[in-house]
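Chemist:
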Amino acid sequence: MTETFDYSLIDWSRGQFALTAMYHWIFVPLTLGLGFIMAIMETIYVRTGNPEWKRITKFWMTIFGINFAIGVATGIILEFEFGTNWSNYSWFVGDIFGAPLAIEGIMAFFIESTFIAVMFFGWNKVSKKFHLVSTWLVAFGASLSALWILVANAWMQMPVGMKFNPDTARNEMAHFWDVLFSPMAVSKFTHTISSSYMLAALVVIGISSWFLLKKRHLVFAKRSIVVAAVFGLVTSLLTILTGDYSAKVVARHQPMKFAAFEGLYVGQRGAPLVAIGVVSSTPEDPNNENIKDFVFKLEVPNFLSYMAFQDFNAFIPGVKDLMEGNEEHGIPSAAEKIARGKLAIDALAEYKTAKEAGDEVKLTEAKEILDQNFQYFGYGYFVDDPSRLVPNVPLTFYSFHLMVALGMWFLVFFAIVLLLVYKGKISRSKFWLTIGIVNIPLAYIASQSGWVTAEMGRQPWVIQDLMPTMTAVSRLDTNAVITTFVLFAVIFTTLLIAELRIMFKQIKLGPKQEGGH
Amino acid sequence: MKKKNIILRIFTFYYEGFKSMTVGRTLWAIILIKLFVMFVILKIFFFPNFLKTNFDNDEDRSNHVIEQLTNPK
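Protein chains in written order, with my numbering: chain A, 1 to 517; chain B, 518 to 590.
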């Protein structure tokens, strides 16, 4: 079945979506985190009445405003792409996406048109407390706005709370709360926002470090560093905790992705955690180019088992177990799932034929077979090439390990910065201030690596086990997709350059006593 | 002194806010250009909704997707 797909169309459609999603994600995390940092700063201002804290708050509010303005609505492009490039997928997800995205749209509109306006225009016009409440509401509102799109994404990784309707070929929401509070949704939301808060803390420390190195606005810079480092330390701990929970959820619900995280090909009890590793460039298995062993690896014994199931001796299935099956541990083979998926696909076709013919008996039979096998529906498309069920292991492994290593490093960095602040040495520590600046791009690399891990690791699925990317795409002309890919690359790069230019200009100007916004 | 009408007060709040903007002017210009490019150029010329454009009703759309799912090419 698979040889009939146009893989250049699929790859360009995926590339286009990845490009827009990754650019969109450059703007979002800073907005999410900076909202809370400036709300904390303004709270200190309101509590102490010290005008320096107002000056500090207003400077970071300007940076927030620039990032917000450049980034606002960039996510809409993704919705355009759903309708044009991913029409089968958009139809198939039915109203699962509709409800969360509608809530997001309404919420974003009210927050953005009211409280952001009060936040920027309301200084000296509304009471201090009302202004502060508005700033906090902007911070909470931005994170809540992110909740809905993350819930939708989590549903794609772990489809729950829905019922497939064979008459319309759409999934219908059956249990809203199951969708909202699925372990995947909880882990995705908490891990994504806590890591975004951490990124914002690193940006604030990085910019403040630059001021200290330039010996400008010293009080402003030191106070900003204190707030950001405390916020960063707390949120980096949260990021690690939520990341750990996220890994547990993936281990249970997306075992292939979990195996790819660690490059685990053969399952074992007491599986080790690869702390550092270099994946071989030559395939280990001639039948699957994605299966590669390590050239070098440094392992922590039994730790992967513990991380996944809190049991040092737990069995972790490898890529091979998931492909060939493992009777002892009750893991079905890919071949079994493919056979059941094929049954489900054929049953859907028979259901349609029976419905057109008005044959109630065949209709009921087909529906029964479809319901029994629907959980493996997507596997039916891999009859000719099961090896495509394995994601790109090296890419997933490296992006996962890069994200984790950087996350750990940021925790250490925040602790060092706070120690230097406590000892009164921060403004003289040129080395650590320079590291602070270097950490800004590293924070973005970690953030993007997280998405690469989550989205590449779940391949070939658009919706886990139900819809692979190849059936999700619209049958468009590949050249049209290439054209829009290039168009987006130009537009988003221009926006990024505009953001950086305006931001650098404002940073160079530094905080002002009073003035516009 | 008589208090201003609430709508007038909100209007004045926004009007004065926009008037006193400095960096905000550039940002608003970027937002408006961006929205124009997105909704007037990209959406209309490059991103028509595939199913809405090619099919008249939901039944036809369902049939198309079922055909794509059961007989993909």
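Don't be surprised by glycine CBs; every beta carbon is placed ideally from N, CA and C.
Values in this document were obtained by computation on a predicted structure and should not be read as measured data.
Beta-carbon within less than 6 Å of residue 251 (chain A)'s beta-carbon, same chain only, minus the 5 sequence neighbours each way: which residues are those?
Modeler: Residue numbering aside, residue 251 (chain A) sits at position 251 when the first sequence is read from its first letter. Counting only Cβ-Cβ distances below 6 Å, and skipping sequence neighbours, we find 258 and 308.
Chemist: For a test of the three-state rule: what should DSSP assign to residue 516 (chain A), helix, strand or coil?
Modeler: Stepping through the first sequence from its first residue, residue 516 (chain A) is reached at position 516. Note that residue 516 (chain A) scores a pLDDT of 42, beneath 50, so its modelled location is shaky; the value from the coordinates is reported in the next line. DSSP places residue 516 (chain A) in coil when its eight states are reduced to three.
Chemist: Does DSSP put residue 268 (chain A) in a helix, in a strand, or in coil?
Modeler: The residue given as residue 268 (chain A) occupies position 268 in the first sequence. If DSSP states are grouped into helix, strand and coil, residue 268 (chain A) belongs with the strands.
Chemist: With distances taken between CB atoms, is the gap from residue 392 (chain A) to residue 467 (chain A) smaller than 8 Å?
Modeler: Mapped onto the first sequence, residue 392 (chain A) falls at position 392. Mapped onto the first sequence, residue 467 (chain A) falls at position 467. No, Cβ-Cβ distance for residue 392 (chain A) and residue 467 (chain A) is not below 8 Å.
Chemist: Determine whether the Cβ of residue 525 (chain B) lies closer than 8 Å to any Cβ atom of chain A.
Modeler: Working through the second sequence from its first residue, we reach residue 525 (chain B) at position 8. Chain A contact via Cβ: absent.
Chemist: In angstroms with no decimal places, state the Cα-to-Cα distance between residue 313 (chain A) and residue 303 (chain A).
Modeler: On the first sequence, position 313 is the one that residue 313 (chain A) refers to. On the first sequence, position 303 is the one that residue 303 (chain A) refers to. Each residue's alpha carbon lies about 9 Å from the other.
Chemist: Just to confirm, is the Cβ distance from residue 42 (chain A) to residue 94 (chain A) under 8 Å?
Modeler: By one-based count along the first sequence, residue 42 (chain A) stands at place 42. By one-based count along the first sequence, residue 94 (chain A) stands at place 94. The answer is no: Cβ separation not under 8 Å.
Chemist: List the residues of chain A that residue 557 (chain B) touches, going by C-beta distances under 7 Å, in chain order.
Modeler: Against the second sequence, residue 557 (chain B) aligns to sequence position 40. Under the 7 Å cutoff, chain A gives no residues; its nearest Cβ is about 13 Å from residue 557 (chain B).
Chemist: Buried or exposed: residue 373 (chain A), going by 16 or more other Cβ atoms within 10 Å of its Cβ?
Modeler: Your numbering for residue 373 (chain A) matches position 373 in the first sequence. With 16 or more other Cβ atoms within 10 Å, it is buried.
Chemist: Would you tell me roughly how many angstroms separate the C-alpha atoms of residue 580 (chain B) and residue 366 (chain A), rounded to the nearest one?
Modeler: Taking the second sequence and counting its residues from 1, one reaches residue 580 (chain B) at position 63. Taking the first sequence and counting its residues from 1, one reaches residue 366 (chain A) at position 366. C-alpha separation (whole angstroms): 17 Å.
Chemist: Where do the ends of the beta strand (DSSP E) carrying residue 548 (chain B) lie?
Modeler: Translated into the one-based positions of the second sequence, residue 548 (chain B) becomes position 31. It is not in any beta strand (DSSP E) - residue 548 (chain B) instead sits in the alpha helix (DSSP H) that spans 540-553.
Chemist: Would you identify the three-state DSSP class for residue 33 (chain A), choosing helix, strand or coil?
Modeler: Residue 33 (chain A) sits at position 33 when you count from the first residue of the first sequence. In this structure, residue 33 (chain A) counts as helix in the three-state DSSP scheme.
Chemist: Which one or two residues does DSSP pair with residue 575 (chain A) in a beta bridge?
Modeler: There is simply no residue 575 (chain A) to check, as chain A begins at 1 and stops at 517 in what is shown.
Chemist: Spatial neighbours of residue 426 (chain A) within its chain, please: C-beta separation below 8 Å, excluding the five flanking residues on both sides.
Modeler: Reading the first sequence from its first residue, position 426 is the one you call residue 426 (chain A). Hits under 8 Å: 212, 222, 225, 417, 420, 432 and 433.
Chemist: Is the number of C-beta pairs between the region 484-498 of chain A and the region 11-18 of chain A that are closer than 8 Å three or more?
Modeler: The region 484-498 of chain A is in contact with the region 11-18 of chain A.
Chemist: Note the first and the last residue of the continuous beta strand (DSSP E) segment covering residue 170 (chain A).
Modeler: On the first sequence, residue 170 (chain A) is found 170 positions in, with the first residue counted as 1. Element bounds for residue 170 (chain A): 170-173.
Chemist: What's the C-alpha gap between residue 546 (chain B) and residue 495 (chain A)?
Modeler: Counting from 1 along the second sequence, the entry for residue 546 (chain B) is found at position 29. Counting from 1 along the first sequence, the entry for residue 495 (chain A) is found at position 495. Between residue 546 (chain B) and residue 495 (chain A), the C-alpha separation is close to 12 Å.
Chemist: Rounded to whole angstroms, how far is the Cβ of residue 37 (chain A) from the Cβ of residue 228 (chain A), which I believe are closer than 8 Å?
Modeler: Sequence index remark: in the first sequence, residue 37 (chain A) carries index 37 (1-based). Sequence index remark: in the first sequence, residue 228 (chain A) carries index 228 (1-based). With a Cβ gap of about 6 Å, residue 37 (chain A) and residue 228 (chain A) count as contacting.
Chemist: Tell me where the beta strand (DSSP E) around residue 165 (chain A) begins and ends.
Modeler: The residue you call residue 165 (chain A) lines up with position 165 of the first sequence. Segment 162-165, the beta strand (DSSP E) holding residue 165 (chain A).
Chemist: Need the endpoints of the alpha helix (DSSP H) that residue 123 (chain A) sits in, please.
Modeler: For the purposes of this step, residue 123 (chain A) is taken as the residue at position 123 of the first sequence. Neither: residue 123 (chain A) is in no alpha helix (DSSP H) and is coded neither H nor E.
Chemist: Is the CB of residue 517 (chain A) under 8 Å away from at least one CB in chain B?
Modeler: By one-based count along the first sequence, residue 517 (chain A) stands at place 517. With a pLDDT of 45 at residue 517 (chain A), under the threshold of 50, the predicted position of this residue should be treated as unreliable, though the coordinate-derived value follows. True, the Cβ-Cβ gap to chain B drops below 8 Å.
Chemist: Under 8 Å Cβ-Cβ, which residues of chain A neighbour residue 552 (chain B)?
Modeler: Start at 1 with the first residue of the second sequence, and residue 552 (chain B) comes out as number 35. Here the neighbours are 73.
Chemist: Which residue wins for smallest C-alpha separation from residue 531 (chain B), given the options A:167, A:115 and A:458?
Modeler: Translated into positions along the second sequence, residue 531 (chain B) becomes position 14. With distances taken between Cα atoms, residue 531 (chain B) lies closest to A:115.
Chemist: Locate the alpha helix (DSSP H) running through residue 73 (chain A), then write down its first and last residues.
Modeler: Position 73 of the first sequence, counted from the first residue, corresponds to residue 73 (chain A). Premise fails: residue 73 (chain A) is in no alpha helix (DSSP H) and is neither H nor E.
Chemist: Using a Cβ-Cβ cut-off of 8 Å, state whether residue 3 (chain A) counts as contacting chain B.
Modeler: Taking the first sequence and counting its residues from 1, the one referred to as residue 3 (chain A) is at position 3. Annotation note: pLDDT 49 at residue 3 (chain A) (below 50); position unreliable, coordinate value reported separately. No, because no Cβ of chain B sits closer than 8 Å to the Cβ of residue 3 (chain A).
Chemist: If we count the other Cβ atoms within 10 Å of its Cβ and call it buried at 16 or more, is residue 187 (chain A) buried or exposed?
Modeler: Looking up residue 187 (chain A) in the first sequence gives position 187. Residue 187 (chain A) is buried by the Cβ-count criterion.
Chemist: As a quick exercise: from A:448, A:388, A:429 and A:361, pick the residue whose alpha carbon is nearest that of residue 401 (chain A).
Modeler: Indexing the first sequence from 1 puts residue 401 (chain A) at position 401. Per the Cα distances, A:448.
Chemist: Spell out whether any CB of chain B is found under 8 Å from the CB atom of residue 474 (chain A).
Modeler: Within the first sequence, numbered from 1, the residue matching residue 474 (chain A) stands at position 474. So yes, residue 474 (chain A) belongs to the interface.
Chemist: Anything in the region 347-372 of chain A with a Cβ closer than 7 Å to a Cβ of chain B? List those residues in chain order, please.
Modeler: Flagged, chain order: 348, 349 and 352.
Chemist: For residue 566 (chain B), which residues in chain A fall below 8 Å Cβ to Cβ?
Modeler: The residue labelled residue 566 (chain B) in the question sits at position 49 within the second sequence. What residue 566 (chain B) touches in chain A: 83, 84 and 87.
Chemist: From A:34, A:280, A:246 and A:63, pick the residue whose C-alpha is nearest to that of residue 501 (chain A); which is it?
Modeler: The residue you call residue 501 (chain A) lines up with position 501 of the first sequence. Closest option to residue 501 (chain A), Cα to Cα, is A:63.
Chemist: Taking just the CA atoms, how far does residue 274 (chain A) sit from residue 298 (chain A)?
Modeler: The sequence position of residue 298 (chain A) within the first sequence is 298, counting from 1. The sequence position of residue 274 (chain A) within the first sequence is 274, counting from 1. So the alpha carbons of these two residues sit roughly 6 Å apart.
Chemist: Which residues in chain B sit within 8 Å of residue 213 (chain A), going by Cβ to Cβ distance?
Modeler: As a first step, residue 213 (chain A) is located in the first sequence; it is residue number 213 there, counting from the start. Simply none; closest approach about 24 Å.
Chemist: Identify every run of the alpha helix (DSSP H) within the region 301-334 of chain A, keeping only runs that are complete inside it and at least 4 residues long; order them along the chain.
Modeler: If we require 4 residues or more, the alpha helix (DSSP H) runs fully inside the region 301-334 of chain A come out as 303-309 and 319-324.
Chemist: Assuming residue 135 (chain A) and residue 158 (chain A) make a contact with CB atoms under 8 Å, what is their CB distance in whole Å?
Modeler: As a first step, residue 135 (chain A) is located in the first sequence; it is residue number 135 there, counting from the start. As a first step, residue 158 (chain A) is located in the first sequence; it is residue number 158 there, counting from the start. Rounded, the Cβ-Cβ distance is 35 Å, inconsistent with contact.
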